[in-house]
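Following: one structure in structure tokens, then a few remarks.
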Amino acid sequence: MIALTFSRSVPRYLASRAAGRVAPGLVASTLAPLKLGHVDEPDLPGPGWARLTPTLAGICGSDLAMVHGHASFYFGPLVSMPFVPGHEVVGVLADDCEDLPAGTRVVLEPVLACAARGIDPPCAACGSGHVGSCERTANGHVAPGLQTGFCADTGGGWGEVLVAHRSQLHALPAELSDEAAVLVEPLACAVHAVLRAGVLEGDTVLVTGAGTMGLLTVAALRDLAPGARVIAAAKHPVQKREARRLGADEVCDPASATRHVRLATRALMHEPERGQPWLAGGADVSFECAGNPVALDTCLRATRARGRVVLVGLPGASTIDLAPVWHRELELVGAYTYGRETGGAHTFDLAIDLARRIDLTPLVSARYPLSRYAEAIDHATDAGRLDSVKVVFDLAR
Amino acid sequence: MYETDRRTPPVLFHYGEGFRLETLPAGSRIVYPPEPVPALRDERGAIARALDEPFEMEPLRALLRPDMKLTIAFDDISLPLPQMRQPDIRQLVIEQVVQLAAEAGVEDVELIVAQSLHRKMTPAEIRRAVGDRVFRAFWPERLRNFDAEDPDDLVFVGTTDHGEEVELCKRAMESDLLVYVNINLVAMDGGHKSVPVGLGTYRSLRHHHNVKTLLDSNSYMDPRHSALHRSTERMGRFLADKLKIFHIETTLNNEAFPAPYDFLSKRAFEWSFRDQATYLALSSGLKRMKPATKRKLFHSIEAPHRMTSVQAGQTDAVHAETLRNVHRQQLVPVQGQTDILTMGIPYVGPYNVNSVLNPILVVCMGLGYFFNLYRGAPLVRPGGVVILAHPTEREFHPTHHPSYIDFFDRVLAETTDPAEIEKRFEADFASDPWYRHLYRNSYAYHGVHPFYMWYWAAHAMDHLGDAIFLGGDPKTVRRLGFRSASTLDDALEMAKQTVGLHPSITHLHCPPLFLPEVTP
């Protein structure tokens, strides 16, 4: 089969990292540890597994961080190489999989937790339904990999075939388009983040970063916390437009986000000699969706004392002043993936239900065949500036 | 008034902290300010006479008694423009008032800067205005800025028969005599506008500093046809029953620029060789200067303004004489309106002394003050175009204009319509606790101030077909709701889309300030 494969190559990884600073277009070319070619289809690791042929596979911020050489080394033990990237996947089952017959259109829940790994009894987290917090993602009969798309045994969405466990599959309703379905995985992350945040009626909420995750967080907030006042910090016109469409009450430039929150909450503002201003008062909850230290700094400074800052974007290694966390007793909350939420519903079911009620298709801005992967990655890297949100690989072509 | 022909040299346009030389099409009119009228030979003597021989009141010395409470309020740093050479007129007047009070044995004397919702003056600025002697004697216990947000120093006086609430400085209201010292730079200033505005609060000002009133002020440089002045007059007369006010008003000639900058006041064809050399040296120097250095240079210019009259006594009687003296210096007859009015916006306006003329203040200067410099009819016809030259960069003074930054980023991003802005945003800004804190404890204009600056331009926005910012930063100008052009030729071509192919063009050479009396 044809697939894009990410291999371990320290020189290429470092070359990508260096090139990314001066010529982002080069990172997906010959310099990158990413290669398009023929590879063997992955074997079925065991019972409950089936082959899946992706229709659309998204390019996510974490994929870009990896390609650009900015991924955190923290994840090293939870990745096995070489692997086929791609964890935002909508596709069709090539085999029967327990109760799902071949031909079923499904969306992939990529976390490779205890059930997929044949670990029984499951870890404490999986036992309580929090598969995103699985403690055994480097164990079992599947190679290490926190998700499909980072695991040498399963293939990924950026290839013609991958293998998936029944626990990873969610059948899709017919009315949900492939474009909407490919966004179900990041939407589930957004839903989970909003539920983790515990937003209350009347809260003022800041969302920084208006890429796919930020925009879907806005949509999730509008649905799950309708009484909140949502302020989205968006840089590019398309992001501003979509943030409004998906339910942001107010949209501002990232550079003026703190002032905007101040005005909305009638807080006082302090302006230190160095660094960003900070608020006495401010947002009740902030969502950092860009994985960007400057945006996180903004959230820490624009959130009221004892408020909550939710990390939705993947943060890498960075230097950041944590004095606001200490001084204002902020809660710093991570929001990684999904699982069983309070009340018993599965995050993916909530996300699929929400995806049926809102129009996500405008967020899929460009579709590329695998053969044009360099262009696709270049486009995704500069999505905002190119008036785009989500760039996907179209494997049905 | 001068009409250009093919031999007319390029004309100087003020351009913020710089200049442009522009060639106007032949047949354009240039309206120049009049020559300075002679100043008073003996300013101190004239002040003494005014205090001894006031209009429709007893002499000041007869109003003073030892056990009284006396408050002296005076105009703030927004007047005059540019700041005048020392001694400042306020110093000359206040020194004599204080001397009379001392001779009468008045002990309870307090001096208050009547800056209303403007930023407070720094100690150095106050010292410059009142002089060393007065400053040393009164600062800081008995010489201070007014605080329109200090609940302990405000009193609600009542409501006019038009429902206008009058809330004023408590110290002034509780005084046996309030002496108000004014500098009447333009016809808008002074009279009943001094006390109810200068010592008034947002609660009072909102009754006349609003879109409806300013649209009905044609123009606010002509009090006879100004709803703004009708409102302040009602407030002033309402106060007159409850507070004894001794008004002292002064007028200036229009010597705005000292040598070597005096070429800025001259007609283009009058420039001497020295003027041309000075212009070239200054222009080339400015190009090499850092922005902060340029700003420092410009704001260090001290106008050689001289006093042309001083009158004291009852407000209405005094102000009638004041306006006569303002008109004596500033009125210029102009026959007929124009299709296109061009103007250069200088580095300084009333609200950026020692500060930045930010984009909102540029709009206020061009479409507020300069557009409204008329009696009779606007210089530009209904549906005409104003071309104003200014770099209009997105630059704000963070200490002086914090609410302006949010007005630009938040309010103008939503709408530029003055009425909608007033309805949706004014109340929140006016009551915002951070702006209130900065107004009271720092040197910030009140939270509502940028709204007033925008409303100041409402009449022009309503009257004009277009406004084009010559040399303005396109992105910033777009946020303001207008268009920019990089050259005058481009601006004129753009204007022709609105006013037709063969427009009449008039250039307003300002400053120095003057008042065209336009016969349509």
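Going down the list, the sequences are from chains A and B. Here the numbering used here runs 4 ahead of the position in the first sequence, where the first position is 1. Here the numbering used here runs 3 ahead of the position in the second sequence, where the first position is 1. A virtual CB, placed ideally from N, CA and C, is assigned to each residue, including glycine.
Would you kindly check if the distance between the Cβ of B/ASP55 and the Cβ of B/LEU67 is under 9 Å? no
Output, in chain order, the set of chain B residues within a Cβ distance shorter than 7 Å of A/MET273. TRP437
For the beta strand (DSSP E) that B/ARG32 lies in, which residues bound it at each end? 32-34
By the DSSP assignment, the beta strand (DSSP E) with A/GLN243 in it spans what residues? Unbroken run through A/GLN243 is the alpha helix (DSSP H), 241-249; no beta strand (DSSP E).
Looking only at DSSP bridge pairs, what is B/GLN333 linked to? Its beta-bridge partners do not exist; DSSP assigns none.
Who pairs with A/GLN151 in a beta bridge, going by DSSP? Paired residue(s): A/VAL115.
Any 3 or more C-beta pairs closer than 8 Å across the region 134-144 of chain A and the region 111-123 of chain A: Enough Cβ pairs lie closer than 8 Å, so yes.
Which residues in chain B sit within 7 Å of A/LEU210, going by Cβ to Cβ distance? In chain order: nothing, as chain B lies at least about 14 Å away.
Who are the near neighbours of A/ARG170 in its chain, counting only those whose CB is closer than 6 Å to its CB and skipping five residues on each side? Around A/ARG170, the same chain offers GLY52, CYS101 and GLU102 as residues with beta carbons nearer than 6 Å, after the five sequence neighbours per side are excluded.
Where the region 394-413 of chain B meets chain C: residues whose CB sits under 7 Å from a CB there: Considering every chain present, this structure includes no chain C. Its protein chains are A and B.
For B/ALA470, is the classification buried or exposed, using 16 other Cβ atoms within 10 angstroms of its Cβ as the cut-off for buried? buried
7 Å Cβ shell around B/PRO307 - same chain, five flanking residues per side excluded: ARG88, GLU258 and PRO261
Starting from A/ASP257, find everything on chain B with Cβ-Cβ shorter than 9 Å and list it in chain order. ASP412 and ALA416
Please report the distance separating the alpha-carbon of B/PRO28 from that of B/ASP8. 8 Å
Are the beta-carbon atoms of A/GLN283 and A/LEU300 separated by less than 9 Å? Here the sequence assigns Leu to residue 283 of chain A, which means Gln is not the residue at that position. The answer is no: Cβ separation not under 9 Å.
Neighbour flag for B/ASP431 against chain A, beta carbons, 9 Å: yes
Put B/TYR18 into one of helix, strand or coil per three-state DSSP. DSSP, reduced to helix, strand and coil, places B/TYR18 within a strand of the structure shown.
Do B/LEU84 and B/HIS512 have their CB atoms nearer than 9 Å? no
So does the region 285-298 of chain A actually touch the region 200-207 of chain A, counting three or more Cβ pairs closer than 8 Å? Pairwise C-beta distances place the region 285-298 of chain A in contact with the region 200-207 of chain A, as three or more of them are shorter than 8 Å.
Close beta carbons around B/PRO349, own chain, < 7 Å, minus the five adjacent residues each side: HIS17 and PRO514
Who are the Cβ neighbours of B/ALA460 in its own chain at under 7 Å, not counting the five residues just before and after it? VAL366, CYS367, LEU370 and GLY371
Got a sec: is the Cβ-Cβ distance from A/HIS240 to anything in chain B below 9 Å? With its beta carbon at least 9 Å from every one in chain B, A/HIS240 lies outside the interface.
Measuring only the C-alpha atoms, how far is B/GLU425 from B/ARG47? 45 Å
Step through the CB atoms of chain B and report whether any lies within less than 9 Å of the CB of A/HIS264. yes
Any beta carbon of chain A sitting closer than 9 Å to that of B/HIS121? no
Determine which residues share a DSSP beta bridge with B/GLY347 and list them. B/ALA392
Between the region 308-317 of chain B and the region 285-299 of chain B, do three or more beta carbon pairs fall short of 8 Å? no
Starting from the Cα of A/THR152, find the closest Cα among A/PRO319, A/PHE87, A/VAL188 and A/ASP257 and give me that residue. The shortest Cα separation from A/THR152 among A/PRO319, A/PHE87, A/VAL188 and A/ASP257 belongs to A/PHE87.
Where does the unbroken beta strand (DSSP E) through A/CYS138 begin, and where does it stop? Careful: A/CYS138 lies outside any beta strand (DSSP E) and carries neither H nor E.
What residue range is occupied by the uninterrupted alpha helix (DSSP H) comprising B/GLU429? 421-433
Just by C-beta distance, which residues in the region 182-197 of chain B are closer than 9 Å to chain A? none
C-alpha distance - A/LEU176 paired with A/ALA185, whole-angstrom precision: 8 Å
Cβ contact (3+ pairs, closer than 8 Å) linking the region 136-156 of chain B and the region 105-121 of chain B: yes
Tell me, to the nearest whole angstrom, how far the beta carbon of B/VAL158 is from that of B/LEU171; I am working on the premise that it is less than 8 Å. 6 Å
In three-state DSSP terms, what is A/HIS350? strand
If we count the other Cβ atoms within 10 Å of its Cβ and call it buried at 16 or more, is B/ASN444 buried or exposed? exposed
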